[in-house]
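Top to bottom, those sequences are chains A and B. Under my numbering, read the first sequence as residues 122 to 412, first letter to last. Under my numbering, read the second sequence as residues 559 to 848, first letter to last. Have a look at the structure below before the remarks.
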Amino acid sequence: MSYDPSVPLKLKTTQQWFGGVISQPIDENSLINPIAPSGNAIETEAPLYISPGPKLLSHQRIQIYNQQYWWRLLTVMQENFPLVTRLFGYHDFNQTLAMPYLVKYPPHHWTLNDLGDRFADWVEEEYHATDKELVLFSAQIDWAYTFSFVCEEAPKISQSEIDSSTLYLQPHLFCFVLPYDLFQFRRQFLLKDPDYWVENDFPKLEHYPEGENGCFVLYRNQINDILTERISFEEMTLLKQLQAGRRLDDICAWLEEQPQESQLYKAASAELGLWFQRWAKLNWLTTKAEG
Amino acid sequence: MPAIKVKDIPNLGIGIGLRIPHYQEIFQNKPEIDWFEIISENFMVDGGKPLEILERVLENYTIVQHGVSLAIGSPDALDFNYLNKLKALTRLTKTPWLSDHLCWGRLPGAHYHDLLPLPYTKEVISYVAERAKIVQDYLELPFALENLSSYVSFQQDEMNEWEFYSAVVEKADCYMMLDVNNIYVSSRNHGFDPMQYVNNIPLERVLQIHLAGHTDFGDYVIDTHDHHVTDSVWELYEKVYPRTCGVSTLLEWDDKFISFQDTWNEALKAKQLQNKVTPQKKDDRVEAMV
């Protein structure tokens, strides 16, 4: 978006200053940064724009908007990333993750539904503690729930279209390959408020045996509930083939190139037709490419 | 859309905001309530549960749309992708009118997700009124601007809030969504007499009233929508309502939720107050508008 050519210059200048001030991070006591984005003291700069009130000075008045900005965004982040919030507790989630994320990726759309759309990327880029893998998977799963709740429903596919069309995955379907059942862990975790988990032991997160992973699909069903299902590694392999769009005959040709003694080849030879029928019935497939 | 169409705007009675904690009660018991107001943006989504919920509510209730993201006074160009989605939603809800706030909230590339106050100047009046006209024409529905609760005023202000608000809606020929609680909150934060505000706005342009609770921090008051309406605000409502021609009234409650029934009971206090007073006749208001 660009500036409206008819916007009064003085209004634009005031709004640029105001927006810069209120989006600066508040401190741990929720107080405004004593230094404005210009580098001047906020106590001396704010009165140039804001009149003092009956009881508050200029910088104390704009501090209210500074606080509201951060409290609103942090609340949305906590709601959209409930598992990550519980891993850290409110305070640490805000300070360690959400605020740095929002500084790097401030809100870019009128809907708050998109606020966390780059959070998992940010964790990947910026978070380097020893629990990074768990935090990253948690952020990805939380975001999958948030996105699936409101995203588009692409056209459903009929059984007859399976053979003849290029097939894609529904926008609300996410694939996860995890070293532990993080979905079960999440369900248990979400039974209690984040403050509870600051004082109590976390639910047990049981790792699968060495070299094994759990394959999960998160999707939205016909009545718009978000469900998860554990599937076989072989099903996951084929579903991932569909992420970029594939025809069934292309999938079959690709399978023919796989070693015949492989579990993938054996399972697909026996189950392929049933898998596609089931996926179509569960509304995992569409003929429309994402975006 | 000329303002004389005001005569066609119905008084829906008393409503409350449609909020998630009340869904179960609404769907299970279908409580008798005059109407619901929705936050438009909550349903401007591509699919999923929100739209399913909306369609179920529409089966039994009248819905009016109220927005929070238009940000009419922002310096960037009007966002027609947003307006397209908003208009599409109005077709679904059949809202008899819609409203948003007299505020700004974004710069190109930056969204603040707040209702930020504007400087009260003549050039801002012209700028905002022209954009409000475009919005009302584009949406093809009566469009109302709501007064804010505000916590700052600007050094460049050339007038007070009620003069600014009145001038914008008159120049744009649009309507007023009068938030009585916001008048009270701003009166405390800026030190003016709320009745001076009420006495100096074109009340014939009011097509809906908002009520809500606030939080008093002593030195300032915040519009939190998480408490019962205070006596001071009820008193103000009692004075304002009869000077409209009897317009739809809505209670907003957005945090620290209470039960559906308790929320509705709070809203019904407005009906009790309405029964004590006689609104201006609708025909009188229409003539005033003409």
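Even for Gly, the Cβ is constructed at its ideal location relative to N, Cα and C. Quick caveat, the model's predicted, so the values are computed rather than measured.
Buried or exposed (CB count within 10 angstroms, at least 16 for buried), Ser817(B): exposed
Which same chain residues, not among the five before or five after Ser123(A), have their C-beta less than 6 Å away from its C-beta? none
With 8 Å as the threshold, decide whether the Cβ of Val844(B) is near any Cβ in chain A. Per-residue confidence for Val844(B) stands at a pLDDT of 45, beneath the threshold of 50, marking its modelled position as unreliable; the derived number appears in the next sentence. No - not a single Cβ of chain A is within 8 Å of the one on Val844(B).
Identify which residue in Asp242(A), Asp371(A), Gln343(A) has its Cα closest to the Cα of Trp400(A). Gln343(A)
Using a Cβ cut-off of 8 Å, pull out every chain A residue sitting near Leu665(B), in sequence order please. Gln136, Gln137, Gly140
Under 8 Å between the Cβ atoms of Tyr186(A) and Asp672(B)? yes
Taking the C-alpha atoms as reference points, what is the distance between Asn587(B) and Gly575(B)? 17 Å
What residues in its chain sit with their C-beta under 7 Å from that of Arg689(B), if we drop five residues either side in the sequence? Ile630, Leu636
Between Arg182(A), Glu245(A), Glu356(A), Leu255(A), which has its C-alpha nearest Tyr301(A)'s C-alpha? Leu255(A)
Pull up the DSSP beta-bridge partners for Asp737(B), would you. His768(B)
In whole angstroms, give me the CA-to-CA distance for Leu369(A) and Tyr289(A). 11 Å
Interface residues of the segment 665-683 of chain B facing chain A [CB-CB below 8 Å]: Leu665, Pro666, Gly667, Ala668, His669, Tyr670, His671, Asp672, Leu674, Leu676, Pro677, Thr679, Glu681, Val682
Rounding to the nearest angstrom, what Cα-Cα distance links Leu650(B) and Pro800(B) in this structure? 33 Å
Since Gly575(B) sits in a beta bridge, which residues does DSSP pair it with? Glu595(B)
So within the segment 124-183 of chain A, which uninterrupted alpha helix (DSSP H) runs reach at least 4 residues, ignoring any that extend past its ends? 130-143, 163-170
Using a Cβ cut-off of 8 Å (strictly closer), state whether Pro330(A) contacts chain B. no
Relative to the C-alpha of Ile584(B), which candidate in Thr802(B), Asn618(B), Ala770(B), His659(B) has its C-alpha closest? Asn618(B)
Between the CA atoms of Gln694(B) and Met559(B) - distance to the nearest angstrom: Interpretation of Met559(B) is limited by its pLDDT of 44, a score under 50 that renders its predicted location unreliable; the figure taken from the coordinates is listed afterwards. C-alpha separation (whole angstroms): 7 Å.
How about Tyr581(B) and Arg182(A): do their beta carbons lie closer than 8 Å? no
Got a sec? Which residues, its chain only, sit under 7 Å from Lys829(B) by beta carbon, not counting five neighbours each side? Ile572
Relative to the C-alpha of Gly237(A), which candidate in Pro203(A), Glu274(A), Asp213(A), Phe209(A) has its C-alpha closest? Pro203(A)
7 Å Cβ shell around Leu130(A) - same chain, five flanking residues per side excluded: none
Chain B within 8 Å of Ser159(A), Cβ atoms only: no
So, at 6 Å on beta carbons, what are the nonlocal neighbours of Glu704(B) in its own chain, with the 5 sequence-adjacent residues on each side left out? Ser657, His659, Met735, Asp737
State whether the segment 188-204 of chain A contacts the segment 214-232 of chain A, with contact taken as three or more CB pairs (one from each stretch) at a distance under 8 Å. yes
So with Cβ pairs under 8 Å, would you call Gln145(A) a contact of chain B? no
Is DSSP giving Glu274(A) helix, strand or coil here? coil
How far does the beta strand (DSSP E) with Trp662(B) in it extend, from its first residue to its last? 662-665
Counting only runs that start and end within the segment 770-830 of chain B, where is the alpha helix (DSSP H) found for 4 or more residues in a row? 789-798
Since Asp750(B) is in the alpha helix (DSSP H), which residue starts that stretch and which ends it? Per the sequence shown, the amino acid found at residue 750(B) is Phe instead of Asp. From DSSP, Phe750(B) is part of no alpha helix (DSSP H); its letter is neither H nor E.
Helix, strand or coil for Val835(B) per DSSP? coil
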